[in-house]
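Trainee: Shown below is the structure under consideration.
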Amino acid sequence: MTLIDSTTGDRPTARDDRCLDAIRGCLIGTAIGDAVGLRREGLSRRRAERMYRRQSLAPNLCFGRGLCSDDTEHTQMVGRAFALSAGNTSQFERALVRQFRCWFAALPAGIGLATLRACVKLLLGFGPARSGVFSAGNGPAMRSALIGVVAQSEDQVRELVRVSTRMTHTDPKAEEGALVIAQAARWAARHPSASPIDLLTQFCRDIKGEELRNALTAAVTSLEKGLSPVEYAESQGWSKGVSGYVNRTVPAALYCWAASDDVYRTCIETAVGLGGDTDSVAAIAGAVSGASVGYRGIPQEWIHQISEWPHTIEWNERLARTLAEVTRTGQPQVPPPMYWPATILRNIAFASIVIGIGFRRLLPPYHYSVKLIL
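Residues are numbered in the numbering used here as their position in the sequence shown, beginning at 1, plus a constant of 49.
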């Protein structure tokens, strides 16, 4: 670990090292959670158990290799926007709008309805103040954790979450849920050894939305009783799976993190085990857990199973280093490019795999699935 000295004032400090590790953990933690949960997305807990029986959870969407969905891509775009803007609100907004337009033009698979409608409006020339649609989906929450890790202040967290949310979702519930996740990731990165119950208790005092506040109040009570995430979900009426509604996704993801005893693998396995919108719940839980445990706390065998291209694990590492430099210097930096033409080819291949999995689900065993409302 390198410490600053009087002759090399630009060298990273121990605090800088911790910041980089939290950023790496948040980015890679999002991708791994997304990849592990993707294979079971939309399946109820019981049907997933019947289909995959005793197969161990891992990033194994196709031929034992893991791929990522829009949960990871949105987080990457938020990271690039922050790098290009150094957190300046108007510059961040412009950079993120450009990326949403390019991302949508690259034919992403599995895009949520609210995000789809917003991206169509952005592509038609609507500005970010008019592009959002009234929806309480979990899209903004799935990309907000990184904001909490890299932002320079609580006020900046709120401003950037507001901008990131409202260009696609205008329901206040979506914004508050996204802000809660950003604040949780920020807290996890700065207090990795503290009890998450303390944070959730604070949320219960501060949250304005009654539904989310009640869900997190029940989470604190359930954690104090030692209930598992499945038991908590069933107590909330989510026995068929956690939907893409933000006031279900957010408390479910935070519960899995809080109940994991700072073990990333446990956090992801329990998140996927809830059923429903498994990739988003696991991606959000993985982002918060990754910010706490850092890159080294994520199972290396899972990382090695990721076969993403062109946004490889190495690409994410470069983005993390760029973001760490921005937080250290306060100056904009050029992030690694998104390689949009190559991304189109990747998305076509990814869509083919998803369609194949969809046809497989037409076969038994059957059980109810939940509707996703991103």
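For each residue, glycine too, the CB sits at the ideal point set by N, CA and C.
Fair warning: this is a prediction, and the values are worked out from it, not measured in the lab.
#1: Tell me the rounded alpha-carbon separation between L69 and N137.
#2: Is the CB-CB distance between G325 and G290 below 8 Å?
#3: Going by DSSP, which residues form a beta bridge with R114?
#4: Which full runs of the alpha helix (DSSP H) of 4+ residues lie inside the region 173-233, going along the chain?
#5: Looking at C-alpha atoms only, which residue of I355, H218 and W152 is the closest neighbour of S180?
#6: Could you compute how far the alpha carbon of I406 sits from the alpha carbon of L249?
#7: Just to confirm, is the Cβ distance from I393 to A155 under 8 Å?
#8: How long is the line joining the alpha carbons of R377 and L195, rounded to whole angstroms?
#9: If distances are taken between C-alpha atoms only, which option among T121, I246 and G343 comes closest to A238?
#10: Spatial neighbours of W306 within its chain, please: CB distance less than 6 Å, with the 5 preceding and 5 following residues excluded, ordered by chain position.
#11: Quick check: what's the CA-CA separation for L116 versus I77?
#12: Between which residues of its own chain and W236 is the CB-CB distance below 7 Å, once the five residues before and five after are set aside?
#13: For D120, report the span of its alpha helix (DSSP H) as first-last.
#14: Which of the three DSSP states is assigned to Y388 in this structure?
#15: Near Q205, which residues of its chain fall below 6 Å by C-beta distance, leaving aside the five closest residues on each side in sequence?
#16: At which residues does the alpha helix (DSSP H) containing E374 begin and terminate?
#17: I256 lies in the alpha helix (DSSP H); which residues open and close that run?
#18: Under the rule that 16 or more other beta-carbon atoms within 10 Å means buried, what is F408, buried or exposed?
#19: Can you have a look at A231 and say buried or exposed, based on whether 16 or more other CB atoms are within 10 angstroms of its CB?
#20: Can you tell me where the alpha helix (DSSP H) holding H353 begins and where it ends?
#21: If contacts are defined as beta-carbon pairs under 8 Å, then D120 and P157 qualify, I think. What distance do you get, rounded to the angstrom?
#22: By Cβ distance below 6 Å, which residues in the same chain neighbour G258 in space, the five residues on each side in sequence not counted?
#23: Tell me whether L303 sits in a helix, a strand or coil according to DSSP, three-state version.
#24: Please report the distance separating the alpha-carbon of N109 from that of V85.
#25: Under a three-way DSSP split, which group does V383 fall into?
#26: Leaving out five residues on either side along the sequence, give the residues of the same chain with a beta carbon under 6 Å from the beta carbon of A340.
#27: Ignore the nearest five residues each way along the sequence and tell me which others in L41's own chain have a CB closer than 8 Å to its CB.
#28: Can you give me the C-alpha to C-alpha distance between P413 and L106, rounded to a whole angstrom?
#29: When the distance is taken between beta carbons, is V210 closer than 8 Å to S193?
#30: What is the rounded straight-line gap between the Cα of A332 and the Cα of A301?
#31: From this set, S309, E374, D328 and T327, which residue's C-alpha is nearest G346's C-alpha?
#32: Quick one: Cα of E208 to Cα of W287, how far?
#33: To which residues of the same chain is E280 closer than 8 Å at the C-beta, ignoring the five residues directly before and after it?
#34: Which same chain residues, not among the five before or five after R297, have their C-beta less than 7 Å away from its C-beta?
Mentor: Looking at the atomic coordinates:
#1: For the purposes of this step, residue 69 is taken as residue 20 along the sequence shown, with counting starting at 1. For the purposes of this step, residue 137 is taken as residue 88 along the sequence shown, with counting starting at 1. The alpha-carbon atoms of L69 and N137 are separated by roughly 20 Å.
#2: For this step, residue 325 is matched to residue 276 along the sequence shown. For this step, residue 290 is matched to residue 241 along the sequence shown. It is a contact, given that the beta carbons lie within the stated cut-off.
#3: Here residue 114 refers to the residue found at position 65 of the sequence shown. The bridge partners DSSP lists for R114 are C111.
#4: Listed in chain order, the alpha helix (DSSP H) elements of length 4 or more contained wholly in the region 173-233 are 177-180, 188-191, 194-199 and 203-215.
#5: One-based indexing of the sequence shown puts residue 180 at position 131. Taking only the C-alpha atoms, the option nearest S180 is H218.
#6: Indexing the sequence shown from 1 puts residue 406 at position 357. Indexing the sequence shown from 1 puts residue 249 at position 200. I406 and L249: Cα-Cα distance of roughly 37 Å.
#7: As a first step, residue 393 must be located in the sequence shown, where it is residue number 344. As a first step, residue 155 must be located in the sequence shown, where it is residue number 106. Against a cut-off of 8 Å, the Cβ pair of A155 and I393 comes out as a contact.
#8: Stepping through the sequence shown from its first residue, residue 377 is reached at position 328. Stepping through the sequence shown from its first residue, residue 195 is reached at position 146. Each residue's Cα considered, the two are about 16 Å apart.
#9: As a working mapping, residue 238 is identified with position 189 in the sequence shown. The option with the nearest alpha carbon to A238 is G343.
#10: Start at 1 with the first residue of the sequence shown, and residue 306 comes out as number 257. Correct list, in chain order: C316, A334, V337 and S338.
#11: Position 67 of the sequence shown, counting from 1, holds the residue named residue 116. Position 28 of the sequence shown, counting from 1, holds the residue named residue 77. The alpha-carbon atoms of L116 and I77 are separated by roughly 12 Å.
#12: Counting from one through the sequence shown, the residue named residue 236 turns up at place 187. A distance below 7 Å between beta-carbons, with the five flanking residues on each side excluded, links W236 to the following residues of its chain, in chain order: L248.
#13: Here residue 120 is taken as the residue at index 71 of the sequence shown, counted from 1. That run of the alpha helix (DSSP H) goes D119 to S134.
#14: Walking along the sequence shown from the start, residue 388 turns up at place 339. DSSP places Y388 in coil when its eight states are reduced to three.
#15: As a working note, residue 205 is residue 156 in the sequence shown. So the list reads G136, once near-sequence residues are dropped.
#16: Taking the first residue of the sequence shown as position 1, residue 374 is located at position 325. DSSP places E374 in the uninterrupted alpha helix (DSSP H) bounded by I362 to T378.
#17: Translated into the one-based positions of the sequence shown, residue 256 becomes position 207. For I256, there is no enclosing alpha helix (DSSP H), as DSSP gives it neither H nor E.
#18: Along the sequence shown, one-based indexing puts residue 408 at 359. For F408, the number of other beta carbons within 10 angstroms of its own is below 16, and it is reported as exposed.
#19: The sequence position of residue 231 within the sequence shown is 182, counting from 1. So A231 ends up on the buried side.
#20: Working through the sequence shown from its first residue, we reach residue 353 at position 304. Per DSSP, H353 belongs to the alpha helix (DSSP H) from Q349 to H353.
#21: Working through the sequence shown from its first residue, we reach residue 120 at position 71. Working through the sequence shown from its first residue, we reach residue 157 at position 108. 11 Å between Cβ atoms; not a contact.
#22: Taking the sequence shown and counting its residues from 1, one reaches residue 258 at position 209. Within its own chain, the residues whose Cβ lies closer than 6 Å to the Cβ of G258, once the five positions on either side in sequence are excluded, are K222 and E225, listed in chain order.
#23: Along the sequence shown, one-based indexing puts residue 303 at 254. Residue state, collapsed to three classes: helix.
#24: In the sequence shown, the residue the question calls residue 109 occupies position 60. In the sequence shown, the residue the question calls residue 85 occupies position 36. Taking the straight line joining both Cα atoms gives about 7 Å.
#25: For this step, residue 383 is matched to residue 334 along the sequence shown. Here V383 sits in coil by DSSP.
#26: Here residue 340 refers to the residue found at position 291 of the sequence shown. Excluding its 5 nearest sequence neighbours in each direction, A340 has C-beta neighbours in its own chain below 6 Å: A71, G74, C75, V198, A234, A237 and A238, listed in chain order.
#27: Residue 41 is absent from the model: the chain starts at 50 and stops at 423.
#28: Along the sequence shown, one-based indexing puts residue 413 at 364. Along the sequence shown, one-based indexing puts residue 106 at 57. Near 21 Å, if we compare the C-alpha coordinates of L106 and P413.
#29: Against the sequence shown, residue 193 aligns to sequence position 144. Against the sequence shown, residue 210 aligns to sequence position 161. In this structure, V210 lies closer than 8 Å to S193 by Cβ.
#30: On the sequence shown, residue 332 is found 283 positions in, with the first residue counted as 1. On the sequence shown, residue 301 is found 252 positions in, with the first residue counted as 1. Cα-Cα distance, rounded: 12 Å.
#31: Translated into positions along the sequence shown, residue 346 becomes position 297. Per the Cα distances, S309.
#32: Stepping through the sequence shown from its first residue, residue 208 is reached at position 159. Stepping through the sequence shown from its first residue, residue 287 is reached at position 238. When the Cα atoms are used, E208 and W287 turn out to be separated by approximately 32 Å.
#33: On the sequence shown, residue 280 is found 231 positions in, with the first residue counted as 1. Once the five neighbours on either side are set aside, the close Cβ partners of E280 are S271.
#34: Indexing the sequence shown from 1 puts residue 297 at position 248. Around R297: W287 and V291.
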